[in-house]
Ligand SMILES: [Zn+2]
Ligand SMILES: [Zn+2]
Ligand SMILES: [Zn+2]
Ligand SMILES: [Zn+2]
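Chains as they are written, first to last, in my numbering: chain A, 1 to 476; chain B, 1001 to 1476.
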């Protein structure tokens, strides 16, 4: 117990070096969705491998094969697998994180270069600062702090750091289930921890025990084998765009209610006990509204309703259209083939196969009603929702660590997004999985001007150190 | 009259050099909508200036100022203005053409590099081959042929070749109306001729006496000041996309009927005399359907109905959405601001201001019905429809020239697209304007694999020579 105050002091003395290391990591544009940046992804993984080796871990880069990207066979970046400590008297935590990032261009509306970490008003702006390079480095700094104050690590650690998370974690499930698990990697693992999500708001910490799943749809309509000029062809073709817009308009109403037949039927009923959990959660609808500059929130901006629609009810979003005119200006094209993209965030107890069937049936029905001569097809990619028991000792240990750092009881929260690896790690290890967020609710992962607060980054390092300590105390 | 057979023979002997010159012109990627290609546009205009000088024209490059492109002030490419001959006993024709092209990438689905002219099966594939570099060079070759067979040009010529046509002809109207007209450029002009459109089908030539106008709309909806992650925010925002899709779905039905209130009210009534014109037009709906690989044509694929909906009735096309997800893959974004693009091809007697008001009123009404808290705005860019009298002596001269080359009476046709400069040149000159197409109906201007048939290119040069001869015979 004496080690922690020393560690916290050490962390406070090394703020500049933590910022510098994050700056180094952000400067590597490891955008996994873009073949042009594949070398940067590999470089990022190798960079992190060196860092893990410096704190004493044994590491290996695991090859996970190829993907088809932009029509070409492209090698996937390797997964960094590490082991630190093998004391059979200690608990072992498996830590997952990702080193890749979403695309970002300054011209998208960033106030500064996205791949140059810049501090403004106590915030560190840069792509990957909070998703997920900051948290991954947080683990590194926490281990390093134990080492530098001369204190033994209270747990054994195993690491799985991938670089394809923002591109559906391609190749990871196979590595975990078909390689690492049979090899016995998870045999000694007692707990799994992932830091790749955010606080609910901006001031109060939380621990996350549930995630929605996702069911993503590709709705394709073709009216001609090529794009057509609307001056020449307008009025003489059944346009694919108007068919697609018709179908997309049938999916969700203006208040966000999903119109797909029976879609709400299998959603887990809201029990009185669960309902009461929402009352105490720290969440300010007006601050939330202001943070995104929305005009008005749905569900009458009632806190509990907003949280439930974010965590435990499905939602449907229309993302866009591939194949149509998307640039600025006035292009007079009749697109020949368009692909509408939408997704449903699914929840307990919605099974992906069931949801996909409901959507396919509904779209087929609406398409028949439309009576268009064009060609329509729909396909889906889905992943299940996830929940754990927030009363589990692992969660209680994390709650004690959080309280030690932030002097407040953390909210037990869920999240609206999905992190598919959570379920895979639950299955691979058979152990309790916990999400321990470092960043704040306004960090804007995936958006312009992504940031992490200096406070969240630095206190987050201490939180991780305290979490390792608390899990070290759990009975073996 | 003896000159023409000699000229035709000369043209047939110089096919290779005509192809080579078109290859040179296509190789200059003069994409006017892209600031990166602005230097290529300037280079293209200068290249053409040299060619005109070589056939004896006096030329000048007219500066037309700046535009705002991608947020920057960018200089517009100059307009090439030329004069060849000033014999007061001869008629004077003003010829317009454009040297810029639509964007093109091989990855869009071209079978070969778009900016490399390639011959396959008697077709010359390349961006700009038919729109409008082929026709512009056609005039040059026709003049050159007169010169090389030692025959005097039967008319005086004036040229206006711009390089911004595919970008709304920015700066051209001002040059024509506020500079060239006051300077007296049009005082001696007797006729105006434009070759920037296509035959109706693939075998029978036509002369064009009418064009639809266009009214292009930008429908903007904003729900948040930035893009949002659907996992985090889905279910707790009124999404701009679903509002936009709702409004776009209210514009046109599956059969292409425009749903905007009163939009058909001012359309010129179909007279019995006009109706009969359609019967004799050479147009094969099945060949048309096959050329675009459509599943079924609207209007029961009835020839007259298809032609009328292409020429004399308005049509509405949905072009796309700016600000939404448009790439391949599964991006889980909730776009913060989206701009829907659609346009109406307008016809006699629809006035742009009237059409815009009907659209604005209709959208505002549907938006009020929607009851969304988001911010909506709509703006428009419009240009009038155009028609001439196909019985005018100028048209009869062009018809005689066409019959001489193709041994068939040309169809008197209209077009579905708009060429706004047609109206401006009609106003600036006060004279009869004629559209004399060179390319065929399946040339796919603005699409992938744009081409011009070798036959159309070469016979087109002869057609232009014969047209100059026929106009030379019209009484002064
Ligand atoms: Zn992440
Ligand atoms: Zn992410
Ligand atoms: Zn053109
Ligand atoms: Zn064009």
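Cβ atoms here follow ideal geometry from the backbone N, Cα and C, with glycine treated the same way.
Taking 7 Å as the cut-off, does the CB of residue 448 (chain A) come closer than this to any heavy atom belonging to ligand 2?
As a working note, residue 448 (chain A) is residue 448 in the first chain. Every heavy atom of ligand 2 is 7 Å or more from the Cβ of residue 448 (chain A), so no.
Between residue 1176 (chain B) and residue 242 (chain A), what straight-line distance do the alpha-carbon atoms span, to the nearest angstrom?
Reading the second chain from its first residue, position 176 is the one you call residue 1176 (chain B). Reading the first chain from its first residue, position 242 is the one you call residue 242 (chain A). Straight-line Cα distance between these residues: approximately 38 Å.
Comparing C-alpha positions only, which one of B:1260, B:1210, B:1226 sits nearest to residue 1435 (chain B)?
Within the second chain, numbered from 1, the residue matching residue 1435 (chain B) stands at position 435. It is B:1210 whose Cα lies nearest to the Cα of residue 1435 (chain B).
Can you find a CB in chain B that lies within less than 8 Å of the CB of residue 374 (chain A)?
Translated into the one-based positions of the first chain, residue 374 (chain A) becomes position 374. Interface residue, yes.
Using a Cβ-Cβ cut-off of less than 7 Å, give me the residues of the region 1293-1326 of chain B that come near chain A, in sequence order.
Within the region 1293-1326 of chain B, the residues whose Cβ lies closer than 7 Å to some Cβ of chain A are 1293, 1294, 1295, 1296, 1297, 1298, 1306, 1309, 1310, 1313, 1315, 1317, 1318, 1319, 1320, 1321, 1322, 1324, 1325, 1326, listed in chain order.
Rounded to the nearest angstrom, what separates residue 187 (chain A) and residue 117 (chain A) at their Cα positions?
Along the first chain, read from residue 1 onward, the residue named residue 187 (chain A) stands at position 187. Along the first chain, read from residue 1 onward, the residue named residue 117 (chain A) stands at position 117. Across the structure, residue 187 (chain A) and residue 117 (chain A) are spaced so that their CA atoms are roughly 39 Å apart.
Specify the secondary structure class of residue 1380 (chain B) as computed by DSSP and reduced to three states.
The sequence position of residue 1380 (chain B) within the second chain is 380, counting from 1. The answer is strand: DSSP assigns residue 1380 (chain B) an E or B state.
Would a check of beta-carbon distances place residue 1216 (chain B) closer than 8 Å to chain A?
For the purposes of this step, residue 1216 (chain B) is taken as residue 216 along the second chain, with counting starting at 1. Output row for residue 1216 (chain B): interface = yes.
Just to confirm the assignment, what range does the beta strand (DSSP E) spanning residue 1343 (chain B) have?
Numbered from 1 along the second chain, position 343 holds the residue referred to as residue 1343 (chain B). Judged by DSSP secondary structure, residue 1343 (chain B) falls within the beta strand (DSSP E) whose first and last residues are 1337-1346.
Cα-Cα, which of B:1333, B:1308, B:1386 is closest to residue 236 (chain A)?
One-based indexing of the first chain puts residue 236 (chain A) at position 236. The shortest C-alpha separation from residue 236 (chain A) is found at B:1308.
Bridge partners of residue 218 (chain A), per DSSP?
Residue numbering aside, residue 218 (chain A) sits at position 218 when the first chain is read from its first letter. Residue 218 (chain A) is bridged by DSSP to A:341, A:379.
At which residue ranges does the region 107-170 of chain A contain complete alpha helix (DSSP H) runs of 4 or more residues, listed in the order of the chain?
134-148
In chain A, which residues lie less than 9 Å from residue 1141 (chain B) when you measure between Cβ atoms?
In the second chain, the residue the question calls residue 1141 (chain B) occupies position 141. Per Cβ cutoff of 9 Å: no residues; residue 1141 (chain B) is ~26 Å from chain A at best.
Is the CB-CB distance between residue 1420 (chain B) and residue 1383 (chain B) below 8 Å?
As a first step, residue 1420 (chain B) is located in the second chain; it is residue number 420 there, counting from the start. As a first step, residue 1383 (chain B) is located in the second chain; it is residue number 383 there, counting from the start. Contact: yes.
Would you tell me roughly how many angstroms separate the C-alpha atoms of residue 38 (chain A) and residue 169 (chain A), rounded to the nearest one?
Counted from its first residue, the first chain places residue 38 (chain A) at position 38. Counted from its first residue, the first chain places residue 169 (chain A) at position 169. Those two C-alpha atoms are separated by around 14 Å.
Could you say which of A:114, A:55, A:128 lies nearest to residue 142 (chain A) if we only look at CA atoms?
By 1-based counting over the first chain, the position of residue 142 (chain A) is 142. Taking only the C-alpha atoms, the option nearest residue 142 (chain A) is A:55.
By alpha-carbon positions, which one of B:1396, B:1249, B:1004, B:1098 ends up nearest to residue 1166 (chain B)?
Here residue 1166 (chain B) is taken as the residue at index 166 of the second chain, counted from 1. Minimum Cα distance to residue 1166 (chain B) is reached at B:1098.
Excluding the 5 residues flanking residue 244 (chain A) on each side, which residues of the same chain have their C-beta closer than 6 Å to its C-beta?
Here residue 244 (chain A) corresponds to residue number 244 of the first chain, with the count starting at 1. Counting only Cβ-Cβ distances below 6 Å, and skipping sequence neighbours, we find 221, 338, 340.
Could you name the residues that DSSP lists as bridge partners for residue 206 (chain A)?
Start at 1 with the first residue of the first chain, and residue 206 (chain A) comes out as number 206. Per DSSP, A:411.
Is the Cβ of residue 239 (chain A) closer than 8 Å to any Cβ of chain B?
Within the first chain, residue 239 (chain A) is the residue found at index 239, counting from 1. Chain B, which has a Cβ nearer than 8 Å to the Cβ of residue 239 (chain A), makes this yes.
Report the residue from A:325, A:443, A:261 whose alpha carbon sits nearest the alpha carbon of residue 134 (chain A).
By one-based count along the first chain, residue 134 (chain A) stands at place 134. Among A:325, A:443, A:261, the Cα nearest to that of residue 134 (chain A) belongs to A:443.
In terms of residues, what are the limits of the alpha helix (DSSP H) holding residue 1458 (chain B)?
Numbered from its first residue, the second chain carries residue 1458 (chain B) at position 458. Its alpha helix (DSSP H) spans residues 1454-1473.
Using a Cβ-Cβ distance under 8 Å, would residue 1442 (chain B) count as near chain A?
The count along the second chain starts at 1 and reaches residue 1442 (chain B) at position 442. No, its Cβ sits nowhere closer than 8 Å to a Cβ of chain A.
Let me make sure I understand the geometry here. Which of B:1161, B:1424, B:1109, B:1119 has the alpha-carbon closest to that of residue 1063 (chain B)?
Reading the second chain from its first residue, position 63 is the one you call residue 1063 (chain B). It is B:1161 whose Cα lies nearest to the Cα of residue 1063 (chain B).
Looking at residue 196 (chain A) and ligand 1, is the gap between the Cβ and the nearest heavy atom below 7 Å?
Counting from 1 along the first chain, the entry for residue 196 (chain A) is found at position 196. Residue 196 (chain A): yes, Cβ under 7 Å from ligand 1.
Leaving out the 5 sequence neighbours to the left and right, which residues in its chain are closer than 6 Å to residue 193 (chain A) when beta-carbon positions are compared?
Taking the first residue of the first chain as position 1, residue 193 (chain A) is located at position 193. Excluding positions up to five away in sequence, the list reads 93, 95, 434, 436.
Using DSSP with H/G/I as helix, E/B as strand and the rest coil, what is residue 68 (chain A)?
Taking the first chain and counting its residues from 1, the one referred to as residue 68 (chain A) is at position 68. It is a strand residue.
How far does the beta strand (DSSP E) with residue 319 (chain A) in it extend, from its first residue to its last?
Position 319 of the first chain, counted from the start, is the residue given in the question as residue 319 (chain A). From DSSP, the beta strand (DSSP E) with residue 319 (chain A) extends over 315-322.
Compute the beta-carbon to beta-carbon distance between residue 452 (chain A) and residue 130 (chain A), rounded to the nearest angstrom, for a pair I have assumed lies under 8 Å.
Along the first chain, read from residue 1 onward, the residue named residue 452 (chain A) stands at position 452. Along the first chain, read from residue 1 onward, the residue named residue 130 (chain A) stands at position 130. Confirmed, about 4 Å.
Under the three-state reduction of DSSP, which class applies to residue 446 (chain A): helix, strand or coil?
Against the first chain, residue 446 (chain A) aligns to sequence position 446. Coil, per DSSP.
Would you report the Cα separation of residue 1258 (chain B) and residue 1459 (chain B), rounded to the nearest angstrom?
If you number the second chain from 1, residue 1258 (chain B) lands on position 258. If you number the second chain from 1, residue 1459 (chain B) lands on position 459. Near 40 Å, if we compare the C-alpha coordinates of residue 1459 (chain B) and residue 1258 (chain B).
Output needed in chain order: residues of the region 39-50 of chain A with a Cβ under 9 Å from some Cβ in chain B.
Of all residues in the region 39-50 of chain A, none has a Cβ within less than 9 Å of some Cβ in chain B.
Classify residue 394 (chain A) as helix, strand or coil using the three-state DSSP reduction.
Taking the first chain and counting its residues from 1, one reaches residue 394 (chain A) at position 394. Residue state, collapsed to three classes: helix.
For residue 1224 (chain B), would you say it is in contact with chain A, using Cβ-to-Cβ distances shorter than 8 Å as the test?
Looking up residue 1224 (chain B) in the second chain gives position 224. The beta carbon of residue 1224 (chain B) falls within 8 Å of a beta carbon belonging to chain A, placing the residue at that interface.
Given 7 Å as the limit, tell me if residue 1165 (chain B) has its C-beta closer than that to any heavy atom belonging to ligand 6.
Here the bound small molecules are ligand 1, ligand 2, ligand 3 and ligand 4; ligand 6 is not part of this structure.
Here's the rule: buried if 16 or more other CB atoms are within 10 angstroms of the residue's CB, otherwise exposed. What is residue 1467 (chain B)?
Stepping through the second chain from its first residue, residue 1467 (chain B) is reached at position 467. Buried, because 16 or more other Cβ atoms sit within 10 Å of the Cβ of residue 1467 (chain B).
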